[in-house]
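Enquirer: Residue numbers (our numbering), protein chains in the order written: chain P, 23 to 325; chain S, 23 to 325.
Using N, Cα and C, we set each Cβ at its ideal position, and we do this for glycine too.
Here the structure is a predicted model, which means the values were calculated and not measured.
Provided herewith is a single structure, encoded as structure tokens, for subsequent inquiry.
What follows is the structure, encoded as structure tokens:
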């Protein structure tokens, strides 16, 4: 009975770390969500130390929110869903981190998003935010498409859309491409007189900077601009193909999350759009389920 | 008479600094080319200190080749054509550099390439190597198109071609795109089993790494691969539009230089291809003409 009571009181922290922010949620089985915290960028591919700092900041804020003492971090069992750790090198590097938690279980942000979206049940998830990718879990098997990173992958994402817009505008302003309303929109946004004025400000910028331009593309597409419509449709077509590829695994549910999930909805193939259902829980809760599940499996192995 | 003789003996150094290498040539009006030197990458946008190091290395090697003493660097009048200095901030930063030369005149690598290609006369030049851009000088007026940098600009360049190839291969290997022979070529090149194996190796790589893949695209296009042909044709179409835009200024000559100039030739629009003539002098000599011209203008102003 004492063991059971202690287990019920075990505190979990679920951490969802992506390219622009890191969310942490503290949870106990008996009392539910106790506190949440928000940190900065946590994609270790784009800055390893920065990612660890964001993880620790969101952890500390969640602990304060939950009314925990600083040293109680050693009592937490952590589930981490992190962008970039599909790369084996990064996975190993994070696992070698001298973390402060009682135990830490690590997987990709896609995996925890999928677990959260379907509350631990089988299903598929497409993320379309700064980046894009697809993931499904069916009968213990996982599949994973896209998510190859800016600028070579992540088609249909905000960063991809922003980059395509900049490319189209630079061609238009050079008199080498189709006229587009995006040119005036970006010239105003960047307070730039010409192509070089825009190019200079975007040179070497990370995916998050390009993703900020996606709203201009969506707005221009809605207003009927031919170039913007072609960009959004090309991106949405890729997302539709991604969804169909995931549905080949016969997941019972399909969810789309991320900032572009809602605006892209009407551009998707109708047979895909009709399959999209809302996420039941956020990725941070998926990270907690992941840790609980891994812990149970771990206990079984040890016991 | 003494002044004239001294002026004839004035040594010039012409430096052409681009994304992958830096070439220096030492020249005197009476004796012609005295020595040459080759250094590493010298695009200050991709590494300011590195660019200065490459400039100094190529200078030292050219001086040694010319049989000059180290301290004679202070006697050289330098003409610099550098990538990236179309950006006003970078131009100013280089001009503030505590350089060792007697005098230094700075312009873009495009400008010096154009001066060299037409031996100081009016003309237009398109560079298609790692990057792409177009430039023309006609009746003292210059025009400049493209060259907005990887990955937002420089269409039709080696880096653009390599990036398009990686994008197509990642889609193919995910089962989301058209089949292409490029997939087997890149899997073998990267010793990768799947899309992620390629994506991981190319993540965050600079334009020069993508440009190294252009040869696979050109080879596959020549062998009839539909995807590769579409990439090369799209790039060549952009270069043809760039050429036509430059020809609107009525330059007497049009030259294409850079590693892709020759392989792209047969993909260009016929009315463009027929206009392309060889470069008369290399960009380093263009940098020397630029310095001589600037010096003469400067003397006139002072005198």
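For residue 117/S, write down the residues that DSSP places opposite it in a beta bridge.
Expert: DSSP, once it has assigned bridges, lists no residue as partnering residue 117/S.
Enquirer: Going by the beta-carbon positions, is the gap between residue 146/P and residue 158/P smaller than 7 Å?
Expert: Yes, the pair counts as a contact, with Cβ atoms nearer than the cut-off.
Enquirer: With which residues is residue 163/S paired in a DSSP beta bridge?
Expert: In the DSSP output, where bridge partners are listed per residue, residue 163/S has 160/S.
Enquirer: Considering residue 55/S, what are the terminal residues of the beta strand (DSSP E) in which it resides?
Expert: Where residue 55/S is concerned, the enclosing beta strand (DSSP E) stretches over 54-61.
Enquirer: Provide the residue(s) that pair with residue 45/P in DSSP beta bridges, ordered along the chain.
Expert: Bridge partners of residue 45/P: 38/P, 60/P.
Enquirer: So with CB distances below 8 Å, who are the chain P contacts of residue 185/S?
Expert: 173, 174, listed in chain order.
Enquirer: CB of residue 171/S to nearest heavy atom of the ligand ADP: below 6 Å?
Expert: You won't find the ligand ADP in this model; it holds no ligand whatsoever.
Enquirer: If you draw a straight line from the alpha carbon of residue 116/S to that of residue 84/S, how long is it in whole angstroms?
Expert: Roughly 21 Å between the two C-alpha positions.
Enquirer: What residue from 181/P, 276/P, 284/P has the CA that sits closest to residue 233/P's CA?
Expert: Ranking 181/P, 276/P, 284/P by Cα distance to residue 233/P puts 181/P first.
Enquirer: Ends of the beta strand (DSSP E) at residue 99/P?
Expert: Per DSSP, residue 99/P belongs to the beta strand (DSSP E) from 99-104.
Enquirer: Would you mind sorting residue 24/S into buried or exposed? The rule is 16 or more other CB atoms within 10 Å of its CB.
Expert: With a pLDDT of 41 at residue 24/S, under the threshold of 50, the predicted position of this residue should be treated as unreliable, though the coordinate-derived value follows. That one is exposed.
Enquirer: Return the chain-ordered list of same chain residues with a C-beta closer than 7 Å to the C-beta of residue 27/S, the five sequence neighbours on each side being excluded.
Expert: Residue placement at residue 27/S cannot be trusted, given a pLDDT of 46 that sits under 50; the coordinates are not used to answer.
Enquirer: So what does DSSP say about residue 123/P, is it helix, strand or coil?
Expert: In the structure shown, residue 123/P sits in coil (DSSP, three-state: anything other than H, G, I, E or B).
Enquirer: Looking only at its chain, what residues have a beta carbon closer than 7 Å to the beta carbon of residue 29/S, apart from the 5 residues adjacent to it on each side?
Expert: Any answer about residue 29/S is weak, because its pLDDT of 49 lies below 50 and its placement is not dependable; what the coordinates show is given next. If we look at residue 29/S and ignore the five residues flanking it on each side, it has no Cβ neighbours.
Enquirer: Compare the C-alpha of residue 144/P against each of 197/P, 185/P, 164/P, 219/P and name the closest.
Expert: Out of 197/P, 185/P, 164/P, 219/P, 164/P has the C-alpha closest to the C-alpha of residue 144/P.
Enquirer: Check whether the Cβ atoms of residue 153/P and residue 179/P sit closer than 7 Å, and answer yes or no.
Expert: For residue 153/P and residue 179/P, yes; Cβs fall inside 7 Å.
Enquirer: If the cut is a Cβ gap below 8 Å, which residues of chain P does residue 189/S touch?
Expert: Under the 8 Å cutoff, chain P gives 174, 175, 177.
Enquirer: Judging by CA-CA distance, which residue of 162/P, 224/P, 212/P is the nearest neighbour of residue 175/S?
Expert: Among 162/P, 224/P, 212/P, the Cα nearest to that of residue 175/S belongs to 224/P.
Enquirer: Quick one: does residue 196/P have its CB under 7 Å from some CB of chain S?
Expert: Yes, contact with chain S.
Enquirer: For residue 283/S, which residues from the same chain have a beta carbon less than 7 Å from its beta carbon, with the 5 sequence-adjacent residues on both sides left out?
Expert: So the list reads 150, once near-sequence residues are dropped.
Enquirer: Run down chain S in chain order and give the residues with a C-beta less than 7 Å from the C-beta of residue 225/P.
Expert: Here the neighbours are 67, 171.
Enquirer: Throw me the rounded Cβ distance for the residue 56/P and residue 98/P pair, which I believe falls under 8 Å.
Expert: Residue 56/P to residue 98/P, Cβ: 11 Å. No contact.
Enquirer: Going along the chain, which residues of its own chain have a beta-carbon closer than 8 Å to the beta-carbon of residue 50/P, five neighbours each way excluded?
Expert: These residues qualify, in order along the chain: 30, 31, 32, 33, 34, 56.
Enquirer: On the three-pair Cβ rule with 8 Å, is the segment 274-282 of chain P touching the segment 64-73 of chain P?
Expert: No, they do not touch.
Enquirer: Of all the residues that make up the segment 268-295 of chain S, which are near chain P by a beta-carbon distance shorter than 8 Å?
Expert: Listed in sequence order: no entries.
Enquirer: Using a Cβ cut-off of 7 Å, which residues of the segment 100-118 of chain P contact any Cβ in chain S, in chain order?
Expert: Cβ contacts with chain S come from 108, 109.
Enquirer: Of all the CB atoms in chain S, is at least one closer than 7 Å to the CB of residue 221/P?
Expert: Closer than 7 Å: yes.
Enquirer: By how many angstroms is the C-alpha of residue 109/S removed from the C-alpha of residue 294/P?
Expert: Between residue 294/P and residue 109/S, the C-alpha separation is close to 45 Å.
Enquirer: Give the residues of chain P in contact with residue 192/S, contact being defined as C-beta atoms less than 7 Å apart.
Expert: Within chain P, the residues near residue 192/S are 170, 174, 175.
Enquirer: Using a Cβ cut-off of 8 Å, which residues of the segment 237-270 of chain S contact any Cβ in chain P, in chain order?
Expert: Flagged, chain order: 260, 263, 264, 267.
Enquirer: Please report the distance separating the alpha-carbon of residue 104/S from that of residue 41/S.
Expert: The straight-line gap from Cα to Cα measures roughly 9 Å.
Enquirer: If residue 131/S sits next to residue 226/S, beta carbons under 8 Å apart, how far is it from one beta carbon to the other, in whole angstroms?
Expert: Contact flag wrong, Cβ pair sits at about 25 Å.
Enquirer: What does residue 15/P reach in chain S if we use C-beta pairs closer than 7 Å?
Expert: For chain P, the structure presents residues 23 to 325; residue 15/P sits outside this window and is missing.
Enquirer: In angstroms with no decimal places, state the Cα-to-Cα distance between residue 214/P and residue 205/P.
Expert: About 10 Å.
Enquirer: Taking only beta-carbon atoms, is residue 315/P less than 7 Å away from chain S?
Expert: Judged by the 7 Å Cβ criterion, residue 315/P is not in contact with chain S.
Enquirer: May I ask you to list the residues that DSSP assigns as paired with residue 147/P?
Expert: In DSSP, residue 147/P forms a bridge with 157/P, 277/P.
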